[in-house]
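A.B. asks: Read top to bottom, the protein sequences are chains A and B. First residue of the first sequence? That's 0 in numbering that gives the first Met the number 0, and the numbers climb one at a time after it. First residue of the second sequence? That's 0 in numbering that gives the first Met the number 0, and the numbers climb one at a time after it. Glycine included, C-beta positions come from ideal geometry on N, C-alpha and C.
Number of protein chains: 2
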Amino acid sequence: MALATARGSGFRILVTGASGFIGRACLAPLRREGFQVDAISAHPQPMQEGVSWHCCDLLDAQASVALLEAIRPTHLLHAAWLAKPGAFWTHPDNFRWVTASLELFRAFYRAGGRRAVGVGTCAEYAWVTKPCNERTTPLHPATLYGRCKLAMSLLLEAAAQEAGGSAAWARLFLPYGPGEPAGRLIPAVIEGLLQGHRVACTHGTQKRDFIYINDVAEALVELACSTATGSFNVATGQGTSLHEVITCIANQLRGMENIDFGARPMPAGDPEYVVADTSHITSVTGWHPKHTLEQGIQLTIAATRDRLLAKEATQ
Amino acid sequence: MALATARGSGFRILVTGASGFIGRACLAPLRREGFQVDAISAHPQPMQEGVSWHCCDLLDAQASVALLEAIRPTHLLHAAWLAKPGAFWTHPDNFRWVTASLELFRAFYRAGGRRAVGVGTCAEYAWVTKPCNERTTPLHPATLYGRCKLAMSLLLEAAAQEAGGSAAWARLFLPYGPGEPAGRLIPAVIEGLLQGHRVACTHGTQKRDFIYINDVAEALVELACSTATGSFNVATGQGTSLHEVITCIANQLRGMENIDFGARPMPAGDPEYVVADTSHITSVTGWHPKHTLEQGIQLTIAATRDRLLAKEATQ
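1) Can you say whether Lys-129 of chain A is buried or exposed, counting buried as having 16 or more other CB atoms within 10 angstroms of its CB?
2) Work out the CA separation of Thr-142 of chain A and Asp-56 of chain B for me, nearest whole Å.
3) Whose C-beta lies closer than 7 Å to the C-beta of Ala-334 of chain A among residues of the same chain, with five residues either side of it excluded?
4) In chain order, which continuous runs of the beta strand (DSSP E) of length 3 or greater are located wholly inside the stretch 140 to 214 of chain A?
5) Enumerate in chain order the residues of its own chain whose CB-to-CB distance from Trp-88 of chain A is below 7 Å, with the five nearest sequence positions on each side excluded.
6) Going along the stretch 100 to 125 of chain A in order, which residues come within less than 8 Å of chain B, judged by CB to CB distance?
7) Met-151 of chain A CB to nearest chain B CB: under 9 Å?
8) Would you report the Cα separation of Gln-251 of chain A and Ser-230 of chain A, rounded to the nearest angstrom?
9) Pairs of beta-carbons, one from the stretch 186 to 201 of chain A and one from the stretch 293 to 312 of chain A, closer than 8 Å: are there three or more?
10) Are the CB atoms of Met-46 of chain B and Trp-96 of chain B within a distance shorter than 9 Å?
11) Keeping to the same chain, check which residues put their C-beta closer than 7 Å to that of Arg-71 of chain B; ignore five residues upstream and five downstream.
12) My assumption, with CB atoms under 8 Å, is that Val-14 of chain A sits in contact with Ala-78 of chain A. Please give the rounded CB distance.
13) Whose C-beta lies closer than 7 Å to the C-beta of Asp-214 of chain B among residues of the same chain, with five residues either side of it excluded?
14) Using a threshold of 9 Å, state whether the C-beta atoms of Ile-210 of chain B and Leu-153 of chain B are closer than that.
15) On the CB-based measure, 16 or more other CB atoms within 10 Å of its CB, does Glu-156 of chain B come out buried or exposed?
16) Tell me which same chain residues have a C-beta within less than 7 Å of the C-beta of Pro-180 of chain A, skipping the five on either side of it?
17) List, from N- to C-terminal side, the beta strand (DSSP E) runs of 3 residues or more that fit wholly inside the stretch 73 to 140 of chain B.
18) Taking just the CA atoms, how far does Glu-293 of chain A sit from Glu-311 of chain A?
19) What do you reckon, are the CB atoms on Val-118 of chain B and Ala-86 of chain B nearer than 9 Å?
20) Taking the beta strand (DSSP E) that Thr-15 of chain B falls in, what are its first and last residues?
21) For Arg-207 of chain B, go through chain A and note every residue whose CB falls closer than 8 Å to its CB, in chain order.
22) Distance cutoff 9 Å, beta carbons only. Does Cys-147 of chain B sit that close to anything in chain C?
23) Assuming the contact rule is C-beta atoms closer than 8 Å, Cys-25 of chain B and Ala-227 of chain B should be a hit. Round their C-beta distance to whole Å, please.
24) Write down the C-beta distance between Leu-58 of chain A and Ala-223 of chain A rounded to the nearest angstrom, noting that I regard them as a contact closer than 8 Å.
25) Please classify Cys-54 of chain A as buried or exposed, where buried requires at least 16 neighbouring CB atoms within 10 angstroms.
26) Contact check, Gly-268 of chain B vs His-242 of chain B under 8 Å by CB: the rounded distance?
27) Provide the residue(s) that pair with Ile-258 of chain A in DSSP beta bridges, ordered along the chain.
28) Along the beta strand (DSSP E) that carries His-53 of chain B, what are the first and last residues, could you check?
29) Can you have a look at Ser-278 of chain A and say buried or exposed, based on whether 16 or more other CB atoms are within 10 angstroms of its CB?
30) Can you give me the Cβ contacts of Ala-262 of chain A inside the same chain, cut-off strictly under 6 Å, excluding the 5 residues immediately before and after it?
31) Note down, in chain order, every chain A residue with its Cβ under 7 Å from the Cβ of Glu-161 of chain B.
32) Going along the stretch 171 to 188 of chain B in order, which residues come within less than 7 Å of chain A, judged by CB to CB distance?
33) Could you tell me which residues DSSP pairs with Asn-232 of chain B in its beta bridges?
34) Only counting the same chain, and skipping five residues up and downstream in sequence, which positions put a Cβ closer than 7 Å to that of Glu-32 of chain B?
35) Say whether chain A places a C-beta atom closer than 9 Å to the C-beta of Phe-34 of chain B.
36) In chain order, what residues of the same chain have a beta carbon less than 8 Å from the beta carbon of Leu-138 of chain B, not counting five sequence neighbours either side?
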């Protein structure tokens with residue numbers, strides 16, 4: 000009986016942003032751990048076995064407090080945030096998400112919640128040229144988004160402290176995979192090459208810590224099951240240049256001749272190096288990512304191909 | 000004409016918490032710099048030359064936004080916060096002050112404000128055993144109050160970034176002097192000895208960075224006049240043990256025989272060492288504290304004596 004010994008057995012978890020890139024990927028692994036899963040989305044979702052969907056605008060404090068009091072989850076995975084691609088770096092709605100999320104976390108603990116996991120970002124760190132470490136890398140975010148997320152992590156800790164509850168904060172580096180919003184680097188290159196277009200890129204010297212979405216989801220589930228508190232990098236610990244990532248995609252799609260490296264300028268303010276030290280989460284929870292970049296890209300290409308074919312079939 | 004060259008000339012500053020320990024001390028030096036001074040208090044205040052008082056509950060967002068739009072200050076010194084002595088370390092109203100202060104800062108910039116100074120705390124740092132430095136000391140507050148204040152500093156920076164405005168954050172270490180709320184160490188020892196009581200103390204080995212209130216006020220005025228951004232320690236850079244501070248008071252009052260060192264236990268969780276590195280504010284603004292501990296204590300004793308005599312006279 001796998002479920003009888005599963006760590007989520009007997010617990011009820013509420014997942015926010017559950018129709019988004021991060022939240023959606025967590026639903027199946029949470030079920031596998033035995034959690035009863037309640038999922039929040041701003042818009043109606045198709046039915047899904049083992050998941051209770053709730054429509055709720057989390058920016059409406061009264062609505063989210065009422066929902067929490069009705070559900071009374073033991074666990075909360077708060078993946079919802081401003082979801083305007085590109086605009087999120089500077090958008091004033093980041094402030095609304097800070098205050099709404101603070102209300103949500105406090106209402107969760109007031110309604111008997113025990114363990115919350117918040118979703119943060121590598122942009123909470125100062126841009127430095129060595130792997131970001133939770134204890135030693137300066138927390139001096141350069142962006143409005145990074146500042147609001149870091150403030151949120153502190154407010155979550157304070158809310159947990161107020162209630163005698165438990166909380167962890169996951170600083171995601173660069174998740175990619177099926178469901179990643181269109182327009183970001185990896186989906187844009189894959190779609191472009193699959194459709195036979197030329198793809199204009201920067202020189203691609205910037206190094207990033209890309210992590211496959213299912214590995215992110217496993218890390219978030221691990222943190223939900225754990226009692227460890229504080230902030231945790233969720234990443235691979237490997238720096239990969241954008242050039243390497245694009246080359247990996249192009250090699251799998253036999254499309255190198257369609258890549259124009261250096262055809263686009265480096266975006267202003269783009270840091271050269273954003274890579275994690277992952278020793279903390281690994282030593283505390285035992286979690287480690289399971290997919291190599293090649294495997295993750297292969298799965299992402301397959302999913303993108305299926306999606307494009309399905310789209311074609313309905314046209 | 001001192002005022003014609005004064006740096007605040009032509010500017011209008013709104014001071015919150017202006018009837019409190021920190022805010023009140025800033026009013027006269029702001030006037031001396033030539034600022035037109037508007038002061039907010041939750042309760043009616045006696046008239047004061049050169050200061051326009053406004054009664055406003057800052058936790059009422061609509062009221063504070065309306066006041067800002069009516070006054071349209073160029074500068075804001077936000078010294079108001081939860082003012083429940085002792086309780087502020089853990090009180091849930093810290094959360095209300097975070098959200099209300101965020102509203103206040105954003106409304107300030109929306110109403111044309113240019114430069115805001117927020118008041119933070121040494122409790123934003125991890126408790127470490129060397130001087131706290133703004134760039135290198137880990138920002139891992141241990142308390143609910145410290146977490147909320149650090150979150151606030153990030154939200155102020157984000158609000159300034161949103162508006163293209165300017166902001167600085169003053170991390171106050173241990174201000175003391177006339178007006179310090181009763182019950183804290185220095186007023187308690189002074190009052191006790193002045194009234195001939197015995198005073199029970201800990202062994203007093205803990206080192207702290209005590210700073211005279213007028214030096215704090217000068218630093219805040221300096222930051223208001225500056226364009227420098229980020230966080231700044233406001234302190235002396237000198238670690239003084241509580242034993243030394245109490246001895247300084249007792250020597251001036253010839254009351255050493257009434258001090259019982261070691262009669263009280265160390266409070267649980269009380270850090271051994273809370274001292275600032277002040278090189279940042281000094282190098283950026285030229286500010287440095289002017290009062291030695293002996294001078295500050297002498298002025299505080301004199302003010303306390305006057306207050307007790309006045310109280311006696313009215314009884």
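C.D. replies: Result, derived from the coordinates:
1) Within the first sequence, the letter at position 130 stands for residue 129 of chain A. By the 10 Å Cβ count, Lys-129 of chain A comes out exposed.
2) Taking the second sequence and counting its residues from 1, one reaches residue 56 of chain B at position 57. Taking the first sequence and counting its residues from 1, one reaches residue 142 of chain A at position 143. For the pair Asp-56 of chain B and Thr-142 of chain A, the Cα-to-Cα distance works out to about 31 Å.
3) In this structure chain A extends from 0 to 314, so residue 334 of chain A is not present and cannot be described.
4) The stretch 140 to 214 of chain A contains these whole beta strand (DSSP E) runs: 165 to 171, 173 to 175, 209 to 211.
5) Within the first sequence, numbered from 1, the residue matching residue 88 of chain A stands at position 89. Cβ within range, chain order: Thr-142, Leu-143, Tyr-144.
6) Within the stretch 100 to 125 of chain A, the residues whose Cβ lies closer than 8 Å to some Cβ of chain B are Leu-101, Arg-105, listed in chain order.
7) Along the first sequence, read from residue 1 onward, the residue named residue 151 of chain A stands at position 152. The Cβ of Met-151 of chain A sits closer than 9 Å to at least one Cβ of chain B.
8) Walking along the first sequence from the start, residue 251 of chain A turns up at place 252. Walking along the first sequence from the start, residue 230 of chain A turns up at place 231. Spanning the alpha carbons of Gln-251 of chain A and Ser-230 of chain A requires a straight line of approximately 36 Å.
9) Result yes; three or more Cβ-Cβ pairs closer than 8 Å.
10) Sequence index remark: in the second sequence, residue 96 of chain B carries index 97 (1-based). Sequence index remark: in the second sequence, residue 46 of chain B carries index 47 (1-based). Against a cut-off of 9 Å, the Cβ pair of Met-46 of chain B and Trp-96 of chain B comes out as no contact.
11) Residue 71 of chain B sits at position 72 when you count from the first residue of the second sequence. Around Arg-71 of chain B: Ala-110, Gly-111.
12) By 1-based counting over the first sequence, the position of residue 14 of chain A is 15. By 1-based counting over the first sequence, the position of residue 78 of chain A is 79. Going by Cβ atoms, the distance from Val-14 of chain A to Ala-78 of chain A rounds to 7 Å, so yes, they are a contact pair.
13) Along the second sequence, one-based indexing puts residue 214 of chain B at 215. Closer than 7 Å at Cβ, skipping near neighbours: Pro-288, Lys-289, His-290.
14) Here residue 210 of chain B refers to the residue found at position 211 when the second sequence is read from its first residue. Here residue 153 of chain B refers to the residue found at position 154 when the second sequence is read from its first residue. For the pair Ile-210 of chain B and Leu-153 of chain B, the CB atoms are not nearer than the 9 Å cut-off.
15) Here the question's residue 156 of chain B lines up with position 157 in the second sequence. Classification of Glu-156 of chain B: buried, given that the 10 Å Cβ count is 16 or more.
16) Counting from 1 along the first sequence, the entry for residue 180 of chain A is found at position 181. In its chain, beyond the 5 residues on either side, Phe-20, Pro-84 have a beta carbon closer than 7 Å to the beta carbon of Pro-180 of chain A.
17) Within the stretch 73 to 140 of chain B, the complete beta strand (DSSP E) segments of 3 residues or longer fall at 74 to 77, 114 to 120, listed in chain order.
18) Against the first sequence, residue 311 of chain A aligns to sequence position 312. Against the first sequence, residue 293 of chain A aligns to sequence position 294. The alpha-carbon atoms of Glu-311 of chain A and Glu-293 of chain A are separated by roughly 27 Å.
19) The count along the second sequence starts at 1 and reaches residue 118 of chain B at position 119. The count along the second sequence starts at 1 and reaches residue 86 of chain B at position 87. At least 9 Å separates the beta-carbon of Val-118 of chain B from that of Ala-86 of chain B.
20) Working through the second sequence from its first residue, we reach residue 15 of chain B at position 16. 11 to 15 is the span of the beta strand (DSSP E), which, as asked, contains Thr-15 of chain B.
21) Counting from one through the second sequence, the residue named residue 207 of chain B turns up at place 208. Neighbours of Arg-207 of chain B on chain A: none; closest Cβ ~23 Å, over 8 Å.
22) Protein chains A and B are contained in the structure displayed, whereas chain C is not.
23) Locating residue 25 of chain B in the second sequence gives position 26, where the first residue counts as 1. Locating residue 227 of chain B in the second sequence gives position 228, where the first residue counts as 1. The pair is not a contact, with the Cβ atoms about 18 Å apart (cut-off 8 Å).
24) One-based indexing of the first sequence puts residue 58 of chain A at position 59. One-based indexing of the first sequence puts residue 223 of chain A at position 224. Not quite, the Cβ-Cβ distance comes to about 24 Å (not below 8 Å), so this is no contact.
25) Counted from its first residue, the first sequence places residue 54 of chain A at position 55. Exposed, because fewer than 16 other Cβ atoms sit within 10 Å of the Cβ of Cys-54 of chain A.
26) One-based indexing of the second sequence puts residue 268 of chain B at position 269. One-based indexing of the second sequence puts residue 242 of chain B at position 243. Actually they are not in contact, since the Cβ atoms of Gly-268 of chain B and His-242 of chain B sit about 20 Å apart, beyond 8 Å.
27) In the first sequence, the residue the question calls residue 258 of chain A occupies position 259. A:Val-198.
28) In the second sequence, residue 53 of chain B corresponds to position 54, counting from 1. Under the DSSP assignment, His-53 of chain B falls in the beta strand (DSSP E) whose first and last residues are 50 to 54.
29) For the purposes of this step, residue 278 of chain A is identified with residue 279 of the first sequence, where counting begins at 1. By the neighbour-count rule (16 or more Cβ atoms within 10 Å), Ser-278 of chain A is not buried but exposed.
30) Your numbering for residue 262 of chain A matches position 263 in the first sequence. Ala-199.
31) Residue numbering aside, residue 161 of chain B sits at position 162 when the second sequence is read from its first letter. Neighbours of Glu-161 of chain B across chain A, judged by C-beta separation under 7 Å: Pro-91, Leu-143.
32) Hits within the stretch: zero.
33) Translated into the one-based positions of the second sequence, residue 232 of chain B becomes position 233. Note: Asn-232 of chain B sits in a beta bridge opposite B:Arg-170.
34) Start at 1 with the first residue of the second sequence, and residue 32 of chain B comes out as number 33. The beta carbon of Glu-32 of chain B is closer than 7 Å to those of Ala-5, Arg-6, Gly-7, Val-220, Cys-224 in its chain, skipping five residues each way along the sequence.
35) Here residue 34 of chain B is taken as the residue at index 35 of the second sequence, counted from 1. Output row for Phe-34 of chain B: interface = no.
36) If you number the second sequence from 1, residue 138 of chain B lands on position 139. Within the same chain, Leu-138 of chain B has close Cβ partners Glu-123, Tyr-124, Ala-125, Leu-149.
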